[in-house]
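Okay, so here's the structure we're looking at.
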Amino acid sequence: MRFNFRKNFKMQYHFNDIEAKWQKYWAENETFKASNNSDKPKYYVLDMFPYPSGAGLHVGHPLGYIASDIYARYKRHKGFNVLHPQGYDSFGLPAEQYAIQTGQHPAITTETNIATYRRQLDQIGFSFDWSREVRTSNPDYYKWTQWIFIQLFESYYCNNENKAKDINELVSIFSSEGNANVNVACDDDIEIFSAETWNAKSSEAQQKILLQYRLTYLAETEVNWCPALGTVLANDEIVNGVSERGGHTVVRKKMTQWSMRISAYAERLLQGLDTIDWTDALKETQRNWIGKSVGASVTFHVNGHDDRIDVFTTRPDTIFGVSFMTLAPEHDLVSKITTVEQKAAVEAYIEKTAKRSERDRMADVKTISGVFTGAYAEHPFSKEPIPIWIGDYVLASYGTGAVMAVPCGDQRDYDFAKHFNIEIPNIFDGIDISEEAFASKDNVKIANSDFLNGMNYKKATKRAIYELEQLGQGEGKTNYRLRDAVFSRQRYWGEPFPVYYVNGMPQMIEAKHLPIQLPEVEKYLPTEEGEPPLGRADVWAWDTNTNTVVANDKVNNETVFPLELNTMPGWAGSSWYFFRYMEEANRDGVFASEDALKYWENVDLYIGGAEHATGHLLYARFWVKLLKDRGFVNVEEPFKKLINQGMILGTSAIIYRVSGTEKYVSKGLIGDYGVEEIRVDVNMVNASDEIDIEALKKWQPQYANAEFILEDGKYMVGREVEKMSKRWFNVVNPDDICSQYGADSLRLYEMFLGPLEQYKPWNTAGITGVHGFLKKLWKLYVGENGVNVTDVEPTKDNLKTLHKTIKKVQEDIENFSFNTSVSTFMIAVNELGKQKCTSKAVLEPLLILISPYAPHIAEELYSQLGSSESISTAVFPKFDESHLVESNKNYPISFNGKMRFTLELPMDMSKDDIEKTVMAHEKTIAQLDGREPKKVIVVPGKIVNIVG
RNA sequence: GCUCAAGUGGCGGAAUUGGUAGACGCGUUGGAUUCAAAAUCCAAUUUCUUCGGAAGUGUGGGUUCGAUUCCCACCUUGAGUACCA
């Protein structure tokens, strides 16, 4: 008896033992280590690497990793040399804020968190090549982030050649011919100088000018300052006018900061989207963010001044409809051109708008406000005077901060004109503008517009630009919404800049002296003077003799200089990490060796969240283009194909407290009770929405002596689908799922939930379905007396099931439709079970099909079938159509398109014979009930439809 | 406001080129096994029905022999974005 029990025990599916065994095997044998030398074609599968937070992983996090792991394993079966690495984006705000609260060094908390992540990831059985792991906060790694920063500093962007080039080439142009004829990306307000003037300038003055051309530059710019976080933020880090992290207010402030001249790459970033396989939604988001608009720049002379106002317009064809101009309140000219009479009103208005935060201005788009400056501009063609107003509907940060207002053609201008009783000339032939502006470009001819009369939009635009060029008062122009990205952060836990200052001018530290390591500080807060945390470091100065970081008191501004106090933003390290993984060994040499870069090229499949659309995914593309231009990498785009996995949501559990009491009423009995909804830990609720009252009583003290009003002896909870979060008590930990059901169950269930890209709720109850499937799978191979797989010839049905499954699974994986292959496996195992299949010729290939999804059980059964190698080395089974050929077809017979019954007929039956057989059938006669059919449609092999 | 995506049983979802709507799983119901429970197995499960059938994929139209699938309008939900000149 005892012996039988033990024997029986051994024959059961013990997932915990099996999974631990194979995880150990993979680690010890380095099963998934990728080689940079292989005859196989390469394939690079990458996940967006995680920020290791203190909370660890919940079941929502691994979704994308499971999908990419399935794909990576599939590609290995298909004969590819697969690179599938993982690492950590380990610089960031949470570790720093924790450090501020506790004094604990962020490096220590980061280390601890990484250990937790690694344990959690390992238990899910991913096929990562951990030998290539990267951590952005490691000096070995950020050495090269600093190095790339230097490359950006040493580059300018040539618009003629459309690429970044060495800044020294620009310097030699300046010294030989000045800057009058260069066509390069630069600041807007550049002074024109000759070679003589340039050569006569001091080195410091030259450096100052060069900063206006470099691809990373130091400049006083208006930045988004977040007082609560004590740092500046990039545009993509602000959502609805508040900080993405924490939701704090953000104000505009002028500060000297490092910026990245990403605007130089606007057109290439836009064009590149057509060459990559990303979702349309994501491409559209990036297109909107880049915000290309084609139009013209027009210059207006200000009457009585030497000044000119440049505007950008997408509608130069409407130039004769201009009846006023509007400047942003922050526009430089405002103070200069305002007349004495209007001075008080203008200043009051500016003061009022300055107080309003960006968010208020955005929220309140309906209130029309503005004030007349008293000044007039001259219309370029009619020479009529045009009143110049200021108004906060014009943004200083877009275009030139000034618009030519055409009230008949733009609703905002129209509203403004109506509000202030400004004239609204109509330049559209036969269009009524008494109620609203006419903003369309189509089906209209221009009128009251001198030489543009009678033309359509296209023609008039061309002509207007031509005439403006003749006057020297305008030209065709393309404008981009994309702004340069602020690159300084006033934080501790980020990459230090490889920069020191001589007389206030930034100097790069030579690459061979990198990395410049983060200094120690006693507190992680800004200094009393408001300097960033690095301002607290005592050893933070650069000695140009020894080329080392030395104590601050050695600063003499002759040989020892102060170092930069800002650090780099979170996206610095993540903009190039995919290249670092390519390098196997000797990583100190270069950021990635030439051979490795040549072999792996770029990421074939990238999986991660859609929230990075305008941040990481844009910046990474920008840096890759720069590295390509400067000859360091061979590719123009980092990620060939990209998939955004949807979020897994939680299913919160709700109990109902009768208001003012300690009584809790079951969901079905709420009736007329006044109740409050209270969320409780979902892990106490079973598949039937019944809560474990004993567990609840122990969970929190207020429930220990509470009274529960039950229905049918049970307490039923309400359910709500919402984001998985500690505060809703709906977080499910993968550790619990793995120990209770196993990693293979977790992997299958995450895929089974629904389409990868879709948002979908997690409900632990459903996991018994896939877990039951794995048990059935096990039983198909292992009976009470051990493995019951034989060398018997497979039956026709066995082969049909197998090949149907091969076809479907292969198609599913290639379409990233992982949820449906899980169903397919279930169907296959159900069928083979019914067929009592024991044939190795069928059961072994089936394991290979399942192994990407449930690798542990597949490895175990594969080895029990007698293989000594890992199943990951097995070749994907070949699909053979011949096993699916049928001799009969069960035809659906429909009447007016509605299926009424089915009829089994031979596959090779002719169209006429099918029709005859069907029409003679008793059910057809009954359906027709004496009516004469008007038409009979027969599609052989598909359907019969009788109309009438 | 604009752009995009999506609406299918009690629930997650399937139907890949227009051709048997609801695969697969959860839950529910009934049964077998068990002293009992767990586990396992079997059956049923869109709705209505006079048990012959009939209706049915957000709503209303259209194209078609035939529409969850294509077209038009509308409703709802979600995401992104916004005085962008």
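In terms of our numbering, the first sequence has 261 at position 275, counting the first letter as 1, and numbering is strictly consecutive. For every residue, glycine included, the Cβ atom is placed at its ideal position computed from N, Cα and C. Predicted, not measured: the structure shown is a model, and the values here were computed from it.
Same chain, Cβ closer than 7 Å to residue i, neighbours up to 5 away in sequence not counted
i	result
Val308	His365, Ile372, Met390, Ala391, Val392
Leu256	Arg273, Ile276, Lys278
Asp777	Lys826
Glu676	Lys700, Tyr701, Met702
Val671	Ala639, Ile677, Val703
Glu97	none
Start-to-end residues for the alpha helix (DSSP H) that takes in residue i
i	result
Asn99	92 to 108
Thr312	It is not in any alpha helix (DSSP H) - Thr312 instead sits in the beta strand (DSSP E) that spans 310 to 313.
Lys194	189 to 196
Phe135	125 to 139
Residue i versus the options, residue with shortest Cα-Cα distance
i	options	result
Thr235	Glu223, Ala582, Thr242	Glu223
His602	Tyr29, Tyr11, Ala6, Met34	Met34
Lys626	Pro482, Val610, Val768	Val610
Leu381	Ser837, Val589, Phe298, Trp764	Phe298
Ala599	Ser711, Asp266, Trp375, Gly480	Asp266
Arg398	Ser383, Gly377, Ile417, Thr386	Gly377
Pro484	Arg467, Asp470, Leu504, Leu468	Leu504
Ile923	Lys884, Ser158, Asp175	Lys884
Asp529	Arg522, Gly387, Asp539, Phe547	Phe547
Ala582	Ser849, Ser368, Asn620	Asn620
Asp108	Tyr203, Thr95, Trp8	Trp8
Ile176	Glu855, Gln192, Val768	Gln192
Gly755	Leu696, Leu682, Ser731, Thr271	Ser731
Glu662	Tyr650, Ala558, Leu655, Asn669	Tyr650
Asn816	Asn801, Leu832, Ile110	Leu832
Anticipated Cβ contact below 8 Å, residue i with residue j, distance rounded
i	j	result
Glu190	Met491	6 Å
Pro302	Ile410	Contact flag wrong, Cβ pair sits at about 19 Å.
Tyr935	Ser652	What the structure shows of the chain is the stretch from -13 to 934, and residue 935 is not part of that stretch, so it cannot be assessed.
Ile323	Thr359	6 Å
Trp479	Phe77	6 Å
Ile813	Ser837	Contact flag wrong, Cβ pair sits at about 18 Å.
Residue interval of the beta strand (DSSP E) (run including residue i)
i	result
Ile629	625 to 630
Lys111	It is Gly, not Lys, that sits at residue 111 in the sequence shown. Counting along the chain, Gly111 falls outside any beta strand (DSSP E), and DSSP gives it neither H nor E.
Asn931	929 to 933
Gly636	634 to 644
His287	278 to 288
Tyr727	Unbroken run through Tyr727: none, as it is neither H nor E.
Lys149	149 to 152
Trp211	202 to 212
Gln688	That residue, Gln688, is in no beta strand (DSSP E); it is neither H nor E in DSSP.
Lys240	237 to 246
Environment of residue i [buried if 16+ CB atoms lie within 10 Å]
i	result
Ile4	buried
Lys(-7)	The predicted model places Lys(-7) with a pLDDT of 44, which falls under 50 and marks its position as unreliable; any figure quoted below should be read in that light. Answer is exposed; the Cβ neighbour count stays below 16.
Gln456	exposed
Val120	buried
Ala166	exposed
Pro38	buried
Phe(-9)	Residue placement at Phe(-9) is poorly supported in this model, since its pLDDT is 41, which falls under 50; the coordinates are not used for a value here.
Ala53	buried
Beta-carbon proximity list for residue i, same chain, < 8 Å, skipping 5 on both sides
i	result
Met(-13)	Caution is warranted here: a pLDDT of 31 is assigned to Met(-13), below 50, making its placement in the model unreliable, and the coordinate value is therefore given only provisionally. Correct list: empty, nothing qualifies.
Asp428	Tyr443
Glu708	Leu635, Gly636, Ser638, Trp714, Asn716
Gly385	Val297, Phe298, Asn465
Gly395	Arg301, Thr304, Gly307, Ile413, Phe414, Ala423, Phe424, Ala425
Neighbourhood of residue i by C-beta, 6 Å cutoff - its chain only, sequence neighbours within 5 removed
i	result
Ala606	Ser561, Pro624
Asn673	Contrary to the premise, residue 673 reads as Ala rather than Asn in this sequence. Result list for Ala673: Ala751, in chain order.
Asp173	Gln198
Glu208	Arg238, Lys240
Val45	Val718, Pro720, Trp748
Phe(-11)	Summary for Phe(-11): the model assigns pLDDT 36, below 50, so the residue's position carries little reliability; its value from the coordinates is reported in the next sentence. Excluding sequence neighbours, Phe(-11) sits near nothing in its chain.
Tyr251	Phe608, Lys611
Distance cut-off 7 Å: residue i Cβ against heavy atoms of the ligand NAP
i	result
Glu364	You won't find the ligand NAP in this model; it holds no ligand whatsoever.
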